[in-house]
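Protein chains in written order, with this note's numbering: chain S, 37 to 206; chain B, 3 to 110; chain Y, 11 to 628. Just so you know, even glycine gets a beta-carbon here, dropped at the ideal spot from N, CA and C. Beneath this line is the structure, given in structure tokens, with notes to follow.
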Amino acid sequence: MEILFYIFSALTLLCGLLVVFNPFSRNPVTSAMFLVLTIICMSGLFVLLKAFFLAAVQILVYAGAVIVLFLFVIMLMNIKEEERQRFRKFGTFLGAAAVAGLAWILVTTVMNSRTGERSVANNTGETKELGELLFTNYVLPFEIVSLLLLVAMVGCILLSKTSETEEEAE
Amino acid sequence: MTHVGLEHYLVVSAALFCLGLLGVVIRRNLIVMYMSLELMLNAATLALVAFSHHQPPSPHGSPLDGQIMVFFIITVAAAEVAVGLALIVALYRKRQTTDVADLASMKL
Amino acid sequence: MTDSELKLTLAMVVLFLPLLAAVSIGLGARRWRGLSAGLSLGASAIAFVCSLILFIKFHGAPSGIVPATDAAFNGIQWLHLGDFKVDFAALIDPLSLLMLLIVTTVGTLVQVFSLAYMKTDAGYSRYFAGLSLFLFSMLGIVLASNLLLLFIFWELVGVSSYLLISHWFEKPAAADAGKKAFITNRIGDFGFLIGILFVWQLHGTLDIIALADMGAVTTTAGLLIFCGAMGKSAQFPLHVWLPDAMEGPTPVSALIHAATMVAAGVYMLCKLFFLFTADALVIISWVGGITALLAALMAIQQNDIKRILAYSTLSQLGYMVMAVGCAGPAASLFHLTTHAAFKALLFLGAGAVIYSCHHEQDIWKLGGLRKKLPLTYRAFVIGALALAGFPLMSGFFSKDAILAQAFVANQPLFYLGVVVALLTSFYMMRCVLVAFHGDARSEAAKEAHEAPGEMIGPLLILSALSIGLGWHYFGLSNFLIKVSGAVIPNEITHSAKLTAMIAGTAASLTGLFLGWMAYRGVKQDPLPAMLGALARGMRDKFYFDELYAGLNQWTQERLSHYAAWFDRWIIGGLAVRGTSGAVDLTGCLLRLVQSGNLQTYALLLALGLLVMLTFFLF
Numbered sequence: 037m038e039i040l041f042y043i044f045s046a047l048t049l050l051c052g053l054l055v056v057f058n059p060f061s062r063n064p065v066t067s068a069m070f071l072v073l074t075i076i077c078m079s080g081l082f083v084l085l086k087a088f089f090l091a092a093v094q095i096l097v098y099a100g101a102v103i104v105l106f107l108f109v110i111m112l113m114n115i116k117e118e119e120r121q122r123f124r125k126f127g128t129f130l131g132a133a134a135v136a137g138l139a140w141i142l143v144t145t146v147m148n149s150r151t152g153e154r155s156v157a158n159n160t161g162e163t164k165e166l167g168e169l170l171f172t173n174y175v176l177p178f179e180i181v182s183l184l185l186l187v188a189m190v191g192c193i194l195l196s197k198t199s200e201t202e203e204e205a206e
Numbered sequence: 003m004t005h006v007g008l009e010h011y012l013v014v015s016a017a018l019f020c021l022g023l024l025g026v027v028i029r030r031n032l033i034v035m036y037m038s039l040e041l042m043l044n045a046a047t048l049a050l051v052a053f054s055h056h057q058p059p060s061p062h063g064s065p066l067d068g069q070i071m072v073f074f075i076i077t078v079a080a081a082e083v084a085v086g087l088a089l090i091v092a093l094y095r096k097r098q099t100t101d102v103a104d105l106a107s108m109k110l
Numbered sequence: 011m012t013d014s015e016l017k018l019t020l021a022m023v024v025l026f027l028p029l030l031a032a033v034s035i036g037l038g039a040r041r042w043r044g045l046s047a048g049l050s051l052g053a054s055a056i057a058f059v060c061s062l063i064l065f066i067k068f069h070g071a072p073s074g075i076v077p078a079t080d081a082a083f084n085g086i087q088w089l090h091l092g093d094f095k096v097d098f099a100a101l102i103d104p105l106s107l108l109m110l111l112i113v114t115t116v117g118t119l120v121q122v123f124s125l126a127y128m129k130t131d132a133g134y135s136r137y138f139a140g141l142s143l144f145l146f147s148m149l150g151i152v153l154a155s156n157l158l159l160l161f162i163f164w165e166l167v168g169v170s171s172y173l174l175i176s177h178w179f180e181k182p183a184a185a186d187a188g189k190k191a192f193i194t195n196r197i198g199d200f201g202f203l204i205g206i207l208f209v210w211q212l213h214g215t216l217d218i219i220a221l222a223d224m225g226a227v228t229t230t231a232g233l234l235i236f237c238g239a240m241g242k243s244a245q246f247p248l249h250v251w252l253p254d255a256m257e258g259p260t261p262v263s264a265l266i267h268a269a270t271m272v273a274a275g276v277y278m279l280c281k282l283f284f285l286f287t288a289d290a291l292v293i294i295s296w297v298g299g300i301t302a303l304l305a306a307l308m309a310i311q312q313n314d315i316k317r318i319l320a321y322s323t324l325s326q327l328g329y330m331v332m333a334v335g336c337a338g339p340a341a342s343l344f345h346l347t348t349h350a351a352f353k354a355l356l357f358l359g360a361g362a363v364i365y366s367c368h369h370e371q372d373i374w375k376l377g378g379l380r381k382k383l384p385l386t387y388r389a390f391v392i393g394a395l396a397l398a399g400f401p402l403m404s405g406f407f408s409k410d411a412i413l414a415q416a417f418v419a420n421q422p423l424f425y426l427g428v429v430v431a432l433l434t435s436f437y438m439m440r441c442v443l444v445a446f447h448g449d450a451r452s453e454a455a456k457e458a459h460e461a462p463g464e465m466i467g468p469l470l471i472l473s474a475l476s477i478g479l480g481w482h483y484f485g486l487s488n489f490l491i492k493v494s495g496a497v498i499p500n501e502i503t504h505s506a507k508l509t510a511m512i513a514g515t516a517a518s519l520t521g522l523f524l525g526w527m528a529y530r531g532v533k534q535d536p537l538p539a540m541l542g543a544l545a546r547g548m549r550d551k552f553y554f555d556e557l558y559a560g561l562n563q564w565t566q567e568r569l570s571h572y573a574a575w576f577d578r579w580i581i582g583g584l585a586v587r588g589t590s591g592a593v594d595l596t597g598c599l600l601r602l603v604q605s606g607n608l609q610t611y612a613l614l615l616a617l618g619l620l621v622m623l624t625f626f627l628f
């Protein structure tokens, strides 16, 4: 079982890196593709953590809807290869250094807290229990989130209206 | 192979988060920045699920609370992506560029 | 009514009646000249009568400062701040009774004189209000029982003097003289106040009776208190205001600058004699001696009759202070009393001359007044002889007392005193010869006629006092020795007294003779030809005024220079422009953060997060 964890996590990190740093091409589509791969590997990690429902939802919603949306927008905007612009040395290196420092801090904190020795894995996580919890304790957030989705839809439609469509409508 | 405990997942989550942050700071294409943002969000969800898995049952709340949160996070993230991309499209239409360096009109 | 109640009532009447007169004149009676004069004169006369009654009844009290139950009125509570207690109370001991008598006598005589002298003046009522206010303040000084109250009345006297000197304020010279007097006094008072604070710090109380038991304070404190006397009694170097104060009306000069206000300094020194250490007394005596010599030299070449008398006053005040410094407050007070009589006489005589000669004051434009103003002439001569210390005049006895004191205490000062006595008789002879003898040298002198009765009366009374005050019949000298409680007089041996008497008499007669020789029948001053630059220096008051003016100007210039530099560079540059510059700079630096670039913001977020986490986790 453990080896699966190492494989999935290695893949996740690698794909994540390739999303950000793509030596092959600077096309955003490439980044999107690698993001899909990252999502799928993460969903594998979710399965290892006994969160089956979430794994499925992750692939359905994230990989299937969100990234497709990204791709649509990329193609809609007809972005070509990003030209190599001025490589800002100072900003880039400072940013990399800051993030590296942050990473180091987080990792050492986690390692030093030694949670692993005390944690006990439980084997719950069945979808049925999740559903029960969702519709009893968390039914209010559930309803609110649906409202949120409605609002998001309305917002998107408004935002994507162009001035020509408005003039045509009048 | 040592036993895979909570901290392994947390380390992966932290590393993924930092990769996403790196992308936000370094890449200049708006779309790719946004994708890195999603990467950071995913790292957070991974951490939550890991905690939820390793939490013992307690009278205060179900151990599945973490998964519930992730559920909502994914939903909200989807809505947010929709709106954000709509904004990016509108911005592209106005400025004909997706390079953040060209979008610095709010400076003092 | 018991003794102390009677004392208190009479003292309060004496003190407050002039105030009442001044206030009523100021508030309404000004419109009626006769009423104002009547109020003022009436208050003064009643005060005189009450002082006389008080003196006759109570002058036999024990010597020195009398214990509280008998002398002082433990009055109205005023300031009680923890241990610090100051009350409105009066100290009525024989010394104050004597001073009350002097002040009210001279005050009343001067007011009678002013009835005629100021008759044509526009500010008649204002003048009498000023006189009454002055009387109130001076009597307050005499009766004050603690140093704070003394200081308050001290300042009040300064104010009254200012008002009276600049009575003719439309004249710039008079206004300036008033200001000069007030400011110079103020400088002395500053030292006085610090001295009072020292006394409080050292002894914890300001009550004079309590202080008398505690003995001397430090030399510094004593000298600071002497500063007050320096200012009020015009000692060197604060002597510059007294000659200029002659811009005021002559009766004012007679009252204030001859008999009473300038004597307040000496009175204070005698009353607080126990506060001074031997070192302080030595310095005081030398200051007095130097003042006496300097003033006498300056008087020799003055041409204004009032200025001669002013410098003479300065010189005599120097004598009095010198006597105090030689540990002889009794001699000093004796001379104060006799000086009050003959100096007031001289000033009023000069006033009569001025009045008669249509306000001509230059002695070289007078002359021949001996025949035209016989009574004035005789009174003036009596006064001059008393001042010169002619044998058997009152001045003779008091000056001898001082010289004897100096001989015993500080021999160099004795010789100084003898020289000054010589100079005194010299310049008085000069004044009398030039102003009254010879032929009339101007129209005004030719048309002079005798002064009216209100003026002559006081002159006659004061002449009698000038002759008689010294006689043992009046016992003034013994009374004063008893009252001032000083120890030294017992040490004056008979031989010292004899030496002083002989030296004093010799000096005065020699001076008179020299004056007679030099000035008999001359039409202009022979001295400048003989002495040249020295005579010029004497006439120009040894350039003290110019020195002070120059010092003032230099100090102000330097101060303003530094203040300007400070204002421009430190306040304007550092504080104002520096602050704004710093804020500007910070703003410029901070502005760089708002670049509008999204990635910069993200970077800053990451950095901030890094810093915070480092701070919290490590």
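Within chain Y, Leu613, Ala616, Leu617, Leu620 have C-beta atoms less than 7 angstroms from the C-beta of Ala134 of chain S, given in sequence order. Cβ atoms of Met37 of chain B and Ser67 of chain S come within 8 angstroms of each other, at about 6 angstroms.
Around Thr624 of chain Y, the beta-carbon contacts reaching into chain S at under 7 angstroms are Ile141.
For Gly606 of chain Y, the chain B residues whose Cβ falls inside 7 angstroms of its Cβ are Ala106, Ser107, Met108, Lys109, in order along the chain. In the three-state reduction of the DSSP assignment, Asn313 of chain Y falls in the coil class.
Rounded to whole angstroms, the separation of the alpha carbons of Pro462 of chain Y and Ser366 of chain Y is 9 angstroms. Of Y:Pro28, Y:Ile66, Y:Leu62, the smallest CA-CA separation from Ser54 of chain Y is found for Y:Pro28. Judged by DSSP secondary structure, Asp254 of chain Y falls outside any beta strand (DSSP E) and instead within the alpha helix (DSSP H) spanning 251-254.
The DSSP-derived three-state label of Trp88 of chain Y is strand. For Ser404 of chain Y, the three-state secondary structure derived from DSSP is helix. Remark: C-beta atoms of Leu8 of chain B and Leu41 of chain B do not approach each other more closely than 8 angstroms. Assigned with DSSP and collapsed to three states, Ser45 of chain S falls in helix. The Cβ neighbour count for Cys20 of chain B, taken over all protein chains shown within 10 Å, is at least 16; the residue is labelled buried. With a cutoff of 8 angstroms on beta-carbon distance, Val33 of chain Y and Leu174 of chain Y are scored as not near each other. CA-to-CA, the gap between His10 of chain B and Val72 of chain B works out to about 19 angstroms. Sequence-distant Cβ neighbours of Ser243 of chain Y in its own chain, meaning closer than 7 angstroms and more than five residues away, are Val272, Gly275, Val276, Leu327, Val331. Chain-order list of chain B residues neighbouring Met78 of chain S: Asn44, Leu48, by C-beta distance under 7 angstroms.
At a cut-off of 8 angstroms between beta-carbon atoms, Ser64 of chain B makes contact with chain S.
Nearest to Ile28 of chain B by alpha-carbon distance, out of Y:Met622, Y:Phe626, Y:Leu623, Y:Leu608, is Y:Leu608. For Ala100 of chain Y, there is no enclosing alpha helix (DSSP H); the residue is found in the beta strand (DSSP E) stretching over 94-101. Burial state of Ser142 of chain Y is buried, judged by a 10 Å Cβ sphere holding 16 or more other Cβ atoms.
Linking Val83 of chain B to Thr589 of chain Y through their CA atoms gives a straight-line distance of about 48 angstroms.
Chain Y places no beta carbon closer than 8 angstroms to that of Arg97 of chain B, leaving this residue out of the contacts. Gly38 of chain Y has its alpha-carbon roughly 29 angstroms from the corresponding atom of Gly361 of chain Y. Going by DSSP, Leu472 of chain Y is part of the alpha helix (DSSP H) stretching over 463-478.
Shown in chain order are the members of the segment 7-26 of chain B whose Cβ falls below 8 angstroms from a Cβ of chain S: Gly7, Leu8, Glu9, His10, Tyr11, Leu12, Val13, Val14, Ala16, Ala17, Leu18, Phe19, Cys20, Leu21, Gly22, Leu23, Leu24, Gly25.
Beta-bridge annotation (DSSP): Asp217 of chain Y is paired with Y:Asn156. Annotation for Ala592 of chain Y: the continuous alpha helix (DSSP H) segment containing it runs 588-601.
Taking C-beta atoms as the reference points, Tyr172 of chain Y and Gly188 of chain Y count as a pair closer than 8 angstroms.
In the DSSP assignment, Glu165 of chain S falls within the alpha helix (DSSP H) that extends over 163-172. DSSP places Asn562 of chain Y in the uninterrupted alpha helix (DSSP H) bounded by 554-575. Distance between Ala510 of chain Y and Leu303 of chain Y, taken at the CA atoms: about 18 angstroms.
Here Lys456 of chain Y is exposed: its Cβ has fewer than 16 other Cβ atoms, across all protein chains shown, within 10 Å. Apart from sequence neighbours up to five positions away, the residues of its chain that approach Val34 of chain B with a beta-carbon distance below 7 angstroms are Gly25, ordered along the chain.
Nearest to Leu194 of chain S by alpha-carbon distance, out of B:Val85, B:Met108, B:Tyr94, B:Lys109, is B:Val85. Here the alpha carbons of Asp314 of chain Y and Arg41 of chain Y stand approximately 35 angstroms from one another.
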